[in-house]
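Just so you know, we're using our numbering here: the sequence shown kicks off at 298 and counts up by one. Beta carbons: idealized from backbone N, C-alpha and C, even for Gly. A short worksheet on the structure shown next.
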Amino acid sequence: MNIVFRADASINIGSGHIMRCLTLADALTERGHQCRFICRPHKGHLGDFIHQKGYHVEFLSAPRASDQVDPITDSSGSDLPPHAHWLGATWQQDAEQTLQTLSILFTSGQAVDWLIVDHYALDYHWQDACEAGFKQLMVIDDLADRKHRCNLLLDQTFGRTADSYQSLVPAGCQILTGAQYALLRPEFSEWRTTSLKRRQSPELNNLLINLGGVDKDNITGTLLKAIDHSHLPESCELTVVMGVTAPHIEQVKQIAAEIKQPCQVLQGVNNMAELMANADFAIGAAGSTSWERCCLGLPTLMIILAENQQTIAKQLQAAGAAQSLSIGPKLAQQVAQCFDQLSPNYLSNSSQAAQAISDGLGCLKVVNYLEQESQ
């Protein structure tokens, strides 16, 4: 199959959309399918990283301030998604450029079997405009806040049901919902047995901190200072993981060198599953990495970095799989209080609740469906 992904990364958007698309692309490539990416070169885009992973990347025109659109309506009077300003262009411009790019990528006799879109700024307006460029369309979403015109919709949010999308997609659209479809790299299912065995005798010797690939507001630095003033044992080893485009990496390294606990700062790692499996507790964003931690049964304090993470945080906390905190003036105090509650019994119960949510095989389930529907 010929498959094209339309997704973006930036300092504001973060890296999660591109990373989960890469996970799906890797699984599809393993099955012999051809995958390509179409992206807009925002500040903090991951085009070079995508290329290093072995995929062809086509860039749309650079975003311009003059192309920014009102978050409610555009010049045509169309209702726009709440995240429309993330696009760096109008949806009409983006659709036109995407179609032009597809026509360059695929000459006569070729076709896009699946166009896979992972972008909060795009909805049925764009999808209708691009209809001539593909055979079938898949949307990856977790907001359920706009209409889509697609053949397949995936929302990997724990607790999400198809009912959330029934009025947002056409009749006949297949809806895959829940963490059983979480797009995790194979390494997570491979490390699952080792990680779960480790949690049978829980201790707090290793703490992992990862707030996504960007952390534009340097919450990591705030957390490290809070940990330094908490009751966390000085013997507890800290590992901080940041992305290749993280803007505050040097400041974080400086803080890490000054706190009382031993702390290593890593950037752009390719062994996240191993790092999670060797951690006793994690502080992480309430985004797509939540499913990675669940697969490995890693107890977590989730930090809600954006409004769109509220649902994930609420569902996982209700299930007993994690605790959650919002950014605010009392964050440092709340983090310290959290550490006071980390008994072996709590760690064990939280791990058991987390590991029941995702088995790490969701990506294969999605690939199987894409292949089945293309026959």
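Going by the CB atoms, is the gap between residue j and residue i shorter than 8 Å?
i, j, result
"ILE413", "CYS318", "yes"
"ASP656", "SER486", "yes"
"ALA574", "LEU593", "yes"
"GLN453", "ALA476", "yes"
"ARG457", "GLY385", "no"
"GLN620", "LEU598", "yes"
"ALA633", "SER492", "no"
"GLY311", "VAL511", "yes"
"ILE600", "LEU622", "yes"
"ALA306", "HIS348", "no"
"ASP438", "LEU449", "no"
"CYS591", "ALA618", "yes"
"GLN558", "GLU531", "yes"
Residue i: which of the options sits nearest, CA to CA?
i, options, result
"HIS416", "LEU402, CYS635, MET435 and ALA426", "MET435"
"TRP588", "MET316, LEU481 and CYS470", "LEU481"
"ALA629", "ASP525, THR404, ILE347 and TRP411", "ASP525"
"GLU327", "ALA381, ASN665 and SER645", "ASN665"
"TYR643", "CYS660, LEU325 and LEU595", "LEU595"
"ALA479", "LEU658, LEU667, GLU668 and GLN669", "LEU658"
"ALA582", "ILE624, ALA570 and LYS340", "ILE624"
"LEU508", "THR474, HIS339 and HIS545", "HIS545"
What does the alpha-carbon distance come out to for the pair residue i and residue j?
i, j, result
"HIS353", "GLN331", "10 Å"
"ALA553", "THR387", "42 Å"
"GLN612", "VAL562", "30 Å"
"PRO378", "ARG443", "6 Å"
"LEU240", "GLU355", "Only positions 298 to 672 of the chain appear in this structure, which leaves residue 240 out of reach."
"ILE580", "GLU484", "20 Å"
"ALA459", "ALA468", "12 Å"
"MET539", "GLY406", "43 Å"
"VAL549", "THR517", "7 Å"
"ALA543", "SER648", "29 Å"
"LEU399", "LYS494", "47 Å"
"TYR421", "ARG496", "45 Å"
"HIS380", "ASN605", "10 Å"
"GLU547", "ALA304", "28 Å"
"ASN646", "ILE315", "33 Å"
"GLU500", "ASP514", "31 Å"
"PHE431", "THR608", "32 Å"
"PRO360", "GLN652", "41 Å"
"ALA429", "SER358", "21 Å"
"PHE455", "LEU661", "18 Å"
"THR682", "ALA426", "Past the edges of the chain, shown from 298 to 672, lies residue 682, and the structure says nothing about it."
"CYS560", "ARG489", "25 Å"
"VAL537", "VAL663", "31 Å"
"ALA576", "ASN502", "8 Å"
"HIS445", "ALA603", "23 Å"
"GLU393", "LEU639", "53 Å"
"LEU572", "THR320", "18 Å"
"ALA570", "GLN669", "29 Å"
"LEU667", "ALA650", "30 Å"
"HIS339", "ALA408", "28 Å"
"LYS627", "THR474", "35 Å"
"THR404", "GLN397", "12 Å"
Could you pull out every residue in the same chain whose Cβ sits closer than 6 Å to the Cβ of residue i, ignoring the five residues on either side in sequence?
i, result
"LEU504", "CYS533, LEU535 and PHE578"
"GLY313", "GLY584 and SER585"
"ILE556", "LEU521 and ASP525"
"SER671", "MET298 and ASP410"
"PHE270", "Any question about residue 270 goes unanswered here, given that the chain covers just 298 to 672."
"ASN309", "none"
"PRO641", "PRO499"
Could you please give me the residues that DSSP links to residue i through a beta bridge?
i, result
"HIS353", "ARG333"
"GLN634", "Answer by DSSP bridge pairing: none, since GLN634 is not bridged."
"ARG303", "ILE335 and VAL414"
"ALA619", "THR597"
"CYS560", "LEU535"
"ASN503", "GLU534"
"VAL436", "VAL414 and LEU450"
"GLY313", "Looking at the DSSP assignment, GLY313 forms no beta bridge with any residue, so it has no partner."
"PHE578", "LEU504"
"GLN471", "LEU449"
Excluding the five sequence neighbours on either side, which residues of its own chain have a C-beta within less than 7 Å of the C-beta of residue i, listed in chain order?
i, result
"VAL541", "PHE346, GLN564 and GLY565"
"CYS447", "GLN424, LEU434, MET435, VAL436, VAL466 and CYS470"
"LEU520", "ILE506, ILE580 and VAL632"
"ASP364", "In this prediction, ASP364 scores a pLDDT of 48, lower than 50, which makes its location untrustworthy; no coordinate-derived value is stated."
"PRO368", "Bear in mind that the predicted position of PRO368 carries a pLDDT of just 49, short of 50, making it too unreliable to give a figure here."
"PHE636", "SER527, HIS528 and LEU529"
"ILE300", "LEU325, HIS330, GLN331, CYS332, ASP410, TRP411 and ILE413"
By Cβ distance below 8 Å, which residues in the same chain neighbour residue i in space, the five residues on each side in sequence not counted?
i, result
"ALA441", "ASP452, ARG457, SER461, TYR462 and LEU465"
"PHE568", "It should be noted that the sequence gives Asn, not Phe, for residue 568. If we look at ASN568 and ignore the five residues flanking it on each side, its Cβ neighbours are GLU484."
"GLY351", "THR326"
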